[in-house]
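Asks: Line by line, the protein sequences are chains G and R. Each residue of the first sequence is one higher than the one before, starting from 43 at the first, in the numbering used here. Each residue of the second sequence is one higher than the one before, starting from 157 at the first, in the numbering used here. Don't be surprised by glycine CBs; every beta carbon is placed ideally from N, CA and C. Since we're looking at a predicted model, the values are computed, not measured. Quick one: this structure, given as structure tokens, is what I'll be asking you about.
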Amino acid sequence: MKILKKLRRVFRLHRIFIKQDLKRLMEYKIDFVTGAVALLIAQGINVFFLSIIFSQIPNLDGWAFEQIIFIYGFALLPKAIDHLFTDNLWAIGHFIIRKGDFDKYLTRPINTLFAVTVEKFQVDAFGELIVGILLLSVSVPSVNLSINPLNILLFVIALVFATLIYTGIKLITSSVAFWTKRSGNITYMFYMVNEFSKYPTTIYNRAVRAVVSYIIPFAFTAFFPASYFIAGGNPWFNIGGTVIAGSVLMALGILVWHKGVSAYESAGS
Amino acid sequence: MIYVNNLKKEFKKTIKDPGLKGSVKSFFKPKTEIITAVDNISFHVPRGEILGFIGPNGAGKSTVIKMLTGILTPTSGSCEINGKIPYKNRKSYVKEIGVVFGQRTQLWWDLALRETYTVLKEIYEVDDAAYKKRMAFLNEVLELDEFITSPVRTLSLGQRMRADIAASLLHSPKVLFLDEPTIGLDVVVKDNIRKAVKAINENEQTTVILTTHDLQDVENLCDRIVMIDKGSKLFDGNISELKRRFGQSRELRFVPYDFAAVEALDYKTEFGLGEDDLELENDGHKVTVRFNSDTIPVENILNYTLSKTHVKDINVTDADIEEIIKGIYRSEVKLDA
């Protein structure tokens, strides 16, 4: 019961903070409308170029056009969800700690990590989310995918833990700023490795493949789980790997974060 | 209520040579040293007291406040407030305190002020009835009504400070920490803020810890002061005690007929004084001499002055608290409190 009450409070606060951020966005009307239009244009162009590129590649290392679209679309979903909810972690590495603005989270009676992430609701992520869903829905009829309850469950599990891989990596690298004051570029470097995950990892050489599979395991956010649904494979590895990588990275991230909070030095005055 | 024992905070600091070259050198071969910002400070504050924390810039005031509010973890020593250790029981502890940093704001910058209060209400789990009553009270003492619908970014500094203080008091905290709450404000707003703090302290027995550079704050509000410099405690007691202990400093003011004749006055040689024992100021309208009545009896300095110059007017007064504190900051002697 206590846990249930706590969860209710978390969701309630989450909703209130999201509303707050949407109000903030709409406070500046011209900027808001321009941003929304720009987002639509950017994602439109994105889809357009993807269709050009993929129409030139009938197959890639044995993967058919539709299968590549499916993997690419799948890759966008966890990235978008993470982007939507935890974008403020970038600000931790860039300026929140360096300027001492972290003080205010520490004087409030809510978990600091929750307080930081919940403060920003990154609506830009809807662009990636829409494109991801679009790509998945165009490719599903032409890939060999059986839609049954088990697969749906595995899909949801894969999505959740793939998102945690993103969040975990951002969390660990952003937390470094508690000691170094600034770590935005470290986050950027690790984060950009996700670009490799949108394509079948079999097209890379062994070194790259090892890095994106086991060291910075972005392959588990897209290629491994997505290929399980369309080409089969060992679910313990393809989906289980995602669960393990997501859990380990997230746990490590929370640990480093809390160590970092006690090492936090604030800033003058 | 508040117990602080041998509290200490050290920071590691990288030392760099000047310029880009220094930065490059330090990048590859950093040199660090340990800076002690707060050095074994102890004090105790009973419930309902207003304690003034004073000291020159960089004395370590904010660092102490940040340790007491759970923002920084002390290097050693301990502090306990309401039976809780700030950096250990942070979440349950901060529910019972209010914090205002005059140089920062916790308000939602882009939104109307009242939006901040509705979110804080949720964060601190204040129920509707209590919230309504509280807002009415805060509105009465801090006069928020005139700007509660304005976006925070459009508030003047005085309004923003009142709004921030209200935000820190929404959940009826037992202890209120105010770090330079009157910084940059005009005399009227300062006065309003002092009255509000006093009212809250009296109505609710709220313990207040306040840092300031404005000694009017101290004289009007504080039951007691703790003075620190270079991380150590210099003085701990009430204002009348401060005046009694360090109040021997006096000011001799006179208006001579001939300002050039003042040149002939050489107090330091006459009374055999060091550089810092006496201060002479001649602004062309009057001459002010600050001295300590322990080292030079008032009679002697008057006799000497009158024997060398002809004066239109002359008087001797007690130095005010500002002068006393200036003297203590300047002399940098560690006084055992």
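Examine chain G for any beta-carbon lying closer than 7 Å to the beta-carbon of T225 of chain R, and answer yes or no.
Replies: In the second sequence, residue 225 of chain R corresponds to position 69, counting from 1. Yes, because at least one Cβ of chain G sits closer than 7 Å to the Cβ of T225 of chain R.
Asks: State the DSSP-derived secondary structure class of V489 of chain R, mapped to helix, strand or coil.
Replies: As a first step, residue 489 of chain R must be located in the second sequence, where it is residue number 333. Model confidence at V489 of chain R stands at a pLDDT of 46, short of 50, so the residue's coordinates are unreliable; what they give is reported in the following sentence. The answer is coil: DSSP assigns V489 of chain R none of H, G, I, E or B.
Asks: Could you please give the first and the last residue of the uninterrupted alpha helix (DSSP H) stretch that includes T209 of chain G?
Replies: Translated into the one-based positions of the first sequence, residue 209 of chain G becomes position 167. Unbroken alpha helix (DSSP H) run through T209 of chain G: 191-217.
Asks: Just to confirm my understanding: we take E166 of chain R, look at its own chain, exclude 5 residues before and 5 after, and list those with CB closer than 8 Å. What are they?
Replies: As a working note, residue 166 of chain R is residue 10 in the second sequence. The residues are I190, I191, T192, A193, T231.
Asks: Are F209 of chain R and T367 of chain R touching if we call contact CB-CB under 7 Å?
Replies: Reading the second sequence from its first residue, position 53 is the one you call residue 209 of chain R. Reading the second sequence from its first residue, position 211 is the one you call residue 367 of chain R. Cβ atoms of F209 of chain R and T367 of chain R: closer than 7 Å.
Asks: Could you check the C-alpha separation between G430 of chain R and Y243 of chain R for me, to the nearest Å?
Replies: As a working note, residue 430 of chain R is residue 274 in the second sequence. As a working note, residue 243 of chain R is residue 87 in the second sequence. Whole-angstrom Cα-Cα distance: 47 Å.
Asks: Where S396 of chain R and I384 of chain R are concerned, what is the direct C-alpha to C-alpha distance, given to the nearest angstrom?
Replies: Residue numbering aside, residue 396 of chain R sits at position 240 when the second sequence is read from its first letter. Residue numbering aside, residue 384 of chain R sits at position 228 when the second sequence is read from its first letter. Using only the alpha carbons, I get a separation of about 18 Å.
Asks: Run through the stretch 222-301 of chain G for me and flag every whole alpha helix (DSSP H) of 4 or more residues, listed as ranges in chain order.
Replies: 226-234, 248-252, 265-273, 277-280, all fully within the stretch 222-301 of chain G.
Asks: Which of the three DSSP states is assigned to I241 of chain R in this structure?
Replies: Taking the first residue of the second sequence as 1, we reach residue 241 of chain R at position 85. The answer is coil: DSSP assigns I241 of chain R none of H, G, I, E or B.
Asks: Say whether chain A places a C-beta atom closer than 7 Å to the C-beta of L213 of chain G.
Replies: Included in the structure are the protein chains G and R, with no chain A among them.
Asks: Is the beta carbon of M157 of chain R less than 7 Å from the beta carbon of V220 of chain R?
Replies: The count along the second sequence starts at 1 and reaches residue 157 of chain R at position 1. The count along the second sequence starts at 1 and reaches residue 220 of chain R at position 64. No.
Asks: Is it the case that the CB of L429 of chain R approaches a heavy atom of the ligand PLP more closely than 6 Å?
Replies: The ligand PLP is not among the ligands present in this structure, which contains no ligands whatsoever.
Asks: How far does the alpha helix (DSSP H) with I356 of chain R in it extend, from its first residue to its last?
Replies: Translated into positions along the second sequence, residue 356 of chain R becomes position 200. Unbroken alpha helix (DSSP H) run through I356 of chain R: 343-360.
Asks: For chain R, check one thing: does any of its Cβ atoms lie closer than 7 Å to the Cβ of S304 of chain G?
Replies: Within the first sequence, numbered from 1, the residue matching residue 304 of chain G stands at position 262. Chain R, which has a Cβ nearer than 7 Å to the Cβ of S304 of chain G, makes this yes.
Asks: For V376 of chain R, does the three-state DSSP call read helix, strand or coil?
Replies: Translated into positions along the second sequence, residue 376 of chain R becomes position 220. Correcting the residue identity first, residue 376 of chain R is Asn in this sequence and not Val. DSSP places N376 of chain R in helix when its eight states are reduced to three.
Asks: Within the stretch 391-426 of chain R, note down every full alpha helix (DSSP H) run reaching 4 residues or more, in order along the chain.
Replies: DSSP runs (the alpha helix (DSSP H)) wholly in the stretch 391-426 of chain R: 395-402.
Asks: Span of the alpha helix (DSSP H) holding V173 of chain G?
Replies: For the purposes of this step, residue 173 of chain G is identified with residue 131 of the first sequence, where counting begins at 1. From DSSP, the alpha helix (DSSP H) with V173 of chain G extends over 167-181.
Asks: Rounded to the nearest angstrom, how far is the Cβ of K399 of chain R from that of I480 of chain R, given a contact under 8 Å?
Replies: Within the second sequence, numbered from 1, the residue matching residue 399 of chain R stands at position 243. Within the second sequence, numbered from 1, the residue matching residue 480 of chain R stands at position 324. Right, their Cβ atoms sit about 7 Å apart.
Asks: So what's K468 of chain R in DSSP terms, helix, strand or just coil?
Replies: On the second sequence, residue 468 of chain R is found 312 positions in, with the first residue counted as 1. Three-state DSSP puts K468 of chain R in a strand.
Asks: Return no unless some Cβ of chain G is closer than 7 Å to the Cβ of D266 of chain R.
Replies: In the second sequence, the residue the question calls residue 266 of chain R occupies position 110. By this cut-off, D266 of chain R is an interface position.
Asks: Going by CA-CA distance only, name the one from G:K44, G:H136, G:L92 that's closest to N227 of chain G.
Replies: Here residue 227 of chain G refers to the residue found at position 185 of the first sequence. Answer by Cα proximity: G:H136.
Asks: Determine which residues of the stretch 62-91 of chain G have a Cβ less than 8 Å from any Cβ of chain R, and write them out in chain order.
Replies: The residues in question are Q62, K65, R66, E69, Y70.
Asks: Assuming I321 of chain R contacts I349 of chain R (C-beta within less than 8 Å), just tell me the rounded distance between them.
Replies: As a first step, residue 321 of chain R is located in the second sequence; it is residue number 165 there, counting from the start. As a first step, residue 349 of chain R is located in the second sequence; it is residue number 193 there, counting from the start. With a Cβ gap of about 7 Å, I321 of chain R and I349 of chain R count as contacting.
Asks: Taking a cut of 9 Å between CB atoms, which residues from the stretch 296-312 of chain R lie near chain G?
Replies: The stretch 296-312 of chain R vs chain G, Cβ under 9 Å: P307.
Asks: Taking the C-alpha atoms as reference points, what is the distance between H125 of chain G and P212 of chain R?
Replies: As a first step, residue 125 of chain G is located in the first sequence; it is residue number 83 there, counting from the start. As a first step, residue 212 of chain R is located in the second sequence; it is residue number 56 there, counting from the start. Answer to the nearest angstrom: the Cα atoms are 45 Å apart.
Asks: If you measure between the beta carbons of Q404 of chain R and N456 of chain R, is that distance less than 7 Å?
Replies: Taking the first residue of the second sequence as 1, we reach residue 404 of chain R at position 248. Taking the first residue of the second sequence as 1, we reach residue 456 of chain R at position 300. Cβ distance not < 7 Å, so Q404 of chain R and N456 of chain R don't count as in contact.
Asks: Evaluate R248 of chain G with the Cβ neighbour count: other Cβ atoms within 10 Å of its Cβ, from every protein chain shown; 16 or more gives buried, anything less gives exposed.
Replies: In the first sequence, residue 248 of chain G corresponds to position 206, counting from 1. Exposed, because fewer than 16 other Cβ atoms sit within 10 Å of the Cβ of R248 of chain G.
Asks: Measure the C-alpha to C-alpha separation of Q98 of chain G and L92 of chain G and round it to an integer number of angstroms.
Replies: Residue 98 of chain G sits at position 56 when you count from the first residue of the first sequence. Residue 92 of chain G sits at position 50 when you count from the first residue of the first sequence. The alpha-carbon atoms of Q98 of chain G and L92 of chain G are separated by roughly 10 Å.
Asks: Start and end of the beta strand (DSSP E) containing T310 of chain R?
Replies: Along the second sequence, one-based indexing puts residue 310 of chain R at 154. Where T310 of chain R is concerned, there is no enclosing beta strand (DSSP E), given that its DSSP letter is neither H nor E.
Asks: Using the beta-carbon of each residue, which ones in chain G are nearer than 7 Å to T229 of chain R?
Replies: If you number the second sequence from 1, residue 229 of chain R lands on position 73. Per Cβ cutoff of 7 Å: S304.
Asks: Under DSSP, the alpha helix (DSSP H) around A78 of chain G begins and ends at which residues?
Replies: By one-based count along the first sequence, residue 78 of chain G stands at place 36. Counting along the chain, the alpha helix (DSSP H) containing A78 of chain G begins and ends at 71-98.
Asks: With the cut-off set at 7 Å, would you say K146 of chain G and Q315 of chain R are in Cβ contact?
Replies: For the purposes of this step, residue 146 of chain G is identified with residue 104 of the first sequence, where counting begins at 1. For the purposes of this step, residue 315 of chain R is identified with residue 159 of the second sequence, where counting begins at 1. Result no, Cβ atoms of K146 of chain G and Q315 of chain R do not sit closer than 7 Å.
Asks: Can V411 of chain R and D469 of chain R be called in contact, C-beta distance under 7 Å?
Replies: As a working note, residue 411 of chain R is residue 255 in the second sequence. As a working note, residue 469 of chain R is residue 313 in the second sequence. Closer than 7 Å, so yes.
Asks: Could you check whether the Cβ of I210 of chain R sits closer than 7 Å to any Cβ belonging to chain G?
Replies: One-based indexing of the second sequence puts residue 210 of chain R at position 54. It does not: the Cβ of I210 of chain R has no partner Cβ on chain G nearer than 7 Å.
Asks: So, are the CB atoms of T263 of chain G and P120 of chain G less than 7 Å apart?
Replies: Sequence index remark: in the first sequence, residue 263 of chain G carries index 221 (1-based). Sequence index remark: in the first sequence, residue 120 of chain G carries index 78 (1-based). For T263 of chain G and P120 of chain G, yes; Cβs fall inside 7 Å.
Asks: Given this structure, state the Cα-to-Cα distance separating E237 of chain G from K169 of chain R, to the nearest angstrom.
Replies: For the purposes of this step, residue 237 of chain G is taken as residue 195 along the first sequence, with counting starting at 1. For the purposes of this step, residue 169 of chain R is taken as residue 13 along the second sequence, with counting starting at 1. Rounded to the nearest angstrom, the two C-alpha atoms are 38 Å apart.
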